[in-house]
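Comments concern the structure below.
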Amino acid sequence: MGDGNDDAQLGRGGNPPGGSDPVALRLRTGTSVNVILGAGDDRLEIANADIGLQLNVVAGEGNDEVDFATQFNNSDGGFQLFPVVVRDHSYFNLGGGEDHLEIHSAFIQGQLVIQDGAGIAHLDLYNLNIARKLDIDTSNEGDQIKIDYVQARDLTIDSNNGIDDVDITNSRFRSMILKLGSQRDSLFIRNSRATYLTRLDGGENGSSLAGSNNSLRGLLRRNIG
Ligand SMILES: [Ca+2]
Ligand SMILES: [Ca+2]
Ligand SMILES: [Ca+2]
Numbered sequence: 258m259g260d261g262n263d264d265a266q267l268g269r270g271g272n273p274p275g276g277s278d279p280v281a282l283r284l285r286t287g288t289s290v291n292v293i294l295g296a297g298d299d300r301l302e303i304a305n306a307d308i309g310l311q312l313n314v315v316a317g318e319g320n321d322e323v324d325f326a327t328q329f330n331n332s333d334g335g336f337q338l339f340p341v342v343v344r345d346h347s348y349f350n351l352g353g354g355e356d357h358l359e360i361h362s363a364f365i366q367g368q369l370v371i372q373d374g375a376g377i378a379h380l381d382l383y384n385l386n387i388a389r390k391l392d393i394d395t396s397n398e399g400d401q402i403k404i405d406y407v408q409a410r411d412l413t414i415d416s417n418n419g420i421d422d423v424d425i426t427n428s429r430f431r432s433m434i435l436k437l438g439s440q441r442d443s444l445f446i447r448n449s450r451a452t453y454l455t456r457l458d459g460g461e462n463g464s465s466l467a468g469s470n471n472s473l474r475g476l477l478r479r480n481i482g
């Protein structure tokens, strides 16, 4: 997609045929899917998809919003999930601008890499199973990184400069390596496990750490507290 504000959809959650709400639309590919949103404030929704190889999204400049719209709310108050399966690696580059990325209910059989350029990043990762590494790298603004019910082999976060807010709950990793960069960042970890090693580096000016009920093996803390 070129410049301008684009709106794109890959697959869709919805009621079964016959319901009053939009019918689900299933996307299945045997190959990789590459989405280049380009300049402008773009919006991409992904749900109900089975990607045979990689899923790569480059959002470019502008305030972009990428949502895994995998939860469909029924009119009776219940909901149905329409998860996304990626059978290899997945890469998201949000580019410049204030970007929002929500990845909900996905199985990623390779690694998941998230990179953001200038401007605040709002990352919301929920209900994910990642076979390999989850690698997050955000820029020099105060970024919001929320990880809830996520399981991956290894987690690394480099949140760089800016007053970052990193919140990890109900999650499990083999190793957890967090580098929060300069400025006094907030780190919250609750009900989470690292089964092999844990490195928490609050960076210059330190970071606060809150939370409880964790099991963090081989914990080394620098500039925290
Ligand atoms: Ca864009
Ligand atoms: Ca962007
Ligand atoms: Ca940052």
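Numbers in the working numbering are just positions in the sequence shown, counted from 1, shifted up by 257.
Don't be surprised by glycine CBs; every beta carbon is placed ideally from N, CA and C.
Predicted, not measured: the structure shown is a model, and the values here were computed from it.
Using the beta-carbon count (16 or more within 10 Å), is residue i buried or exposed?
{"i": "GLU461", "result": "exposed"}
{"i": "GLY419", "result": "buried"}
{"i": "SER464", "result": "buried"}
{"i": "ASP321", "result": "buried"}
{"i": "LEU477", "result": "exposed"}
{"i": "ASN417", "result": "buried"}
{"i": "LEU338", "result": "exposed"}
{"i": "ASN305", "result": "buried"}
{"i": "VAL280", "result": "exposed"}
Roughly how many angstroms separate the alpha carbons of residue i and residue j, rounded to a whole number?
{"i": "LYS436", "j": "ASP333", "result": "44 Å"}
{"i": "PHE212", "j": "GLN266", "result": "No answer is possible for residue 212: the residues shown for the chain start at 258 and end at 482."}
{"i": "ASP422", "j": "ILE377", "result": "11 Å"}
{"i": "ILE446", "j": "LYS390", "result": "19 Å"}
{"i": "VAL290", "j": "ILE414", "result": "25 Å"}
{"i": "TYR453", "j": "LEU466", "result": "20 Å"}
{"i": "LEU483", "j": "ARG474", "result": "Not covered by the structure: residue 483. The range shown for the chain is 258 to 482."}
{"i": "ALA375", "j": "ARG479", "result": "26 Å"}
Just curious, the beta strand (DSSP E) that residue i is in, first and last residue?
{"i": "PHE325", "result": "322-325"}
{"i": "SER439", "result": "SER439 -> no beta strand (DSSP E), and no H or E assigned at all."}
{"i": "LEU294", "result": "Looking at the DSSP string, LEU294 is not in any beta strand (DSSP E), and its letter there is neither H nor E."}
{"i": "ARG410", "result": "401-415"}
{"i": "SER464", "result": "464-467"}
For residue i, is the beta carbon positioned less than 8 Å from some heavy atom of ligand 1?
{"i": "ASP485", "result": "In the structure as shown, the chain begins at 258 and stops at 482. Residue 485 is therefore absent and cannot be evaluated."}
{"i": "GLU355", "result": "no"}
{"i": "LEU457", "result": "no"}
{"i": "ASP324", "result": "no"}
Could you check whether the Cβ of residue i sits closer than 8 Å to any heavy atom belonging to ligand 2?
{"i": "ALA265", "result": "no"}
{"i": "ALA316", "result": "yes"}
{"i": "LEU473", "result": "no"}
When DSSP builds the beta bridges, which residues end up paired with residue i?
{"i": "ARG283", "result": "DSSP, once it has assigned bridges, lists no residue as partnering ARG283."}
{"i": "ASN330", "result": "PHE336"}
{"i": "ILE371", "result": "PHE349 and ILE393"}
Is residue i a contact residue of ligand 3, with contact defined as CB to any heavy atom under 8 Å?
{"i": "THR288", "result": "no"}
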